[in-house]
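The structure under discussion appears below in the form of structure tokens.
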Amino acid sequence: MTIQQAVKVMPDAQTVTEVKHWSDTLFSFRVTRPASLRFRSGEFVMIGLLKDDGKPLLRAYSIASPSWDETLEFYSIKVPDGPLTSKLQKISVGDQVIVRPKPVGTLVTDALLPGKRLWLLATGTGLAPFASLIRDPDIYERYEQVILTHTCRTVEELAYGQELVEHLPEDPLVGEEVAAKLHYYPTATQEEFVNKGRITDLMRSGELYQALGTGPLNPAEDRVMICGSMGLNLDVKEILEEAGFKEGSNSSPADFVLEKAFVG
Ligand SMILES: Cc1cc2nc3c(=O)[nH]c(=O)nc-3n(C[C@H](O)[C@H](O)[C@H](O)COP(=O)(O)OP(=O)(O)OC[C@H]3O[C@@H](n4cnc5c(N)ncnc54)[C@H](O)[C@@H]3O)c2cc1C
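0 is the number of the first residue of the sequence shown in numbering that gives the first Met the number 0; add one for each residue after it.
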């Protein structure tokens, strides 16, 4: 074997520029952006690392940064013994990560019909695509109000979203629009917090709408994006379909769209 054959080549390699650990189970990081990558805010790509045998180990990741950003941000779980994240959580600045420049996904404004209010309903790392969308001027041009809900088990798990939203009004590009139009509603299910409970329970009881001063969800005005566990997605879909909402897609825009935050 020649020296060249022995060196493992990482295809689509990008360099890590920033890493932040939010808790024992969550971290975010930034990498350089592939020159060929064009994406719509809300889409996901395949990212990963090389395995010991030199083959790539890839997983789907929502891009958490907006489409105009020069670098790419990702927000990640740390799964104990997870094939990718047990290694990915150890990356540091200067390391390389594979980013396949082929974005896809349904959590894009193109998959929704025009409306008055955009609801972004996330649990856990399902916040990532919405972290991208709330930094994109496009959604503030399209909607009069943007409501982001984020539900986690503990208050600590809300930290990434809380910090992002807290600083967004200072953003030179979207700050003014954010201050006027973005409403943030974080909830914790297993700890005492200002808002407590599952988002589906808060929707069914009407507590969510009362707190935000909106009426119940109405397909004539509201558009909804959902990103969470399979259970959450199905429960919200049921609530929306009962209220007359139709599911949209890239080829057939409608009233709501959903995507799994993870498989399993
Ligand atoms: C469309 C799509 C977008 C995704 N975007 C993201 C993202 O932005 N950030 C992110 O961290 N993950 C995201 N995921 C999940 C991601 O692809 C991996 O599953 C995750 O990185 C764990 O990889 P792993 O190899 O360590 O473990 P895996 O073998 O992939 O997963 C092991 C188990 O861990 C649990 N799990 C995996 N991911 C999560 C998660 N995010 N939250 C809670 N439990 C989880 C599941 O029970 C799963 O069966 C996305 C998945 C899909 C399908």
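From the three backbone atoms N, C-alpha and C, an ideal C-beta is built for every residue, glycine too.
Nearest to residue 35 by alpha-carbon distance, out of 48, 99, 131, 115, is 99. When the alpha-carbon of residue 246 is set against those of 263, 261, 80, 218, the nearest one is in 218. Residue pairing for residue 221: DSSP places it in a beta bridge opposite 116. Around the beta-carbon of residue 27, 16 or more other beta-carbon atoms lie within 10 Å, marking it buried. Counting C-beta pairs closer than 8 Å gives three or more between the region 132 to 147 and the region 110 to 120, which meets the contact rule. About 11 Å separates the Cβ atoms of residue 232 and residue 105, ruling out a contact at the 8 Å cut-off. In the same chain as residue 11, and ignoring 5 residues on each side of it, the C-beta atoms closer than 8 Å to its own belong to 33, 97, 98, 99, 100, in chain order.
The criterion of a C-beta distance shorter than 8 Å is not satisfied by residue 184 and residue 158. With a threshold of 16 other beta carbon atoms within 10 Å, residue 93 falls short and is exposed.
A Cβ-Cβ distance of about 35 Å is found for the pair residue 136 and residue 190, leaving them out of contact under the 8 Å criterion. Counting only residues of its own chain and dropping the five nearest sequence neighbours on each side, residue 79 has a CB closer than 8 Å to the CB of 85. Residue 256 counts as buried, since no fewer than 16 other beta carbons sit within 10 angstroms of its beta carbon.
Between ligand 1 and the CB of residue 230, the shortest heavy atom gap is not smaller than 7 Å.
Annotation: the region 115 to 188 contains the following complete segments of the alpha helix (DSSP H) (minimum length 4 residues), in chain order: 127 to 132, 136 to 141, 158 to 166, 174 to 180. Within the region 48 to 73, the beta strand (DSSP E) runs of at least 3 residues that lie entirely inside it are, in chain order, 55 to 61. In this structure, 88 is the residue among 88, 71, 70, 69 with its C-alpha nearest to the C-alpha of residue 77. For the set 125, 64, 54, 254, the Cα lying nearest the Cα of residue 239 is the one of 254. Closest in C-alpha terms to residue 72, from the list 208, 102, 235, 127, comes 127. Non-local C-beta neighbours of residue 31 in its own chain, meaning closer than 7 Å and more than five positions away in sequence, comprise 13, 14, 16, 70, ordered along the chain. Looking at the backbone, the Cα of residue 166 and that of residue 52 are separated by about 43 Å. Around the C-beta of residue 262, fewer than 16 other C-beta atoms lie within 10 Å, and the residue is accordingly described as exposed.
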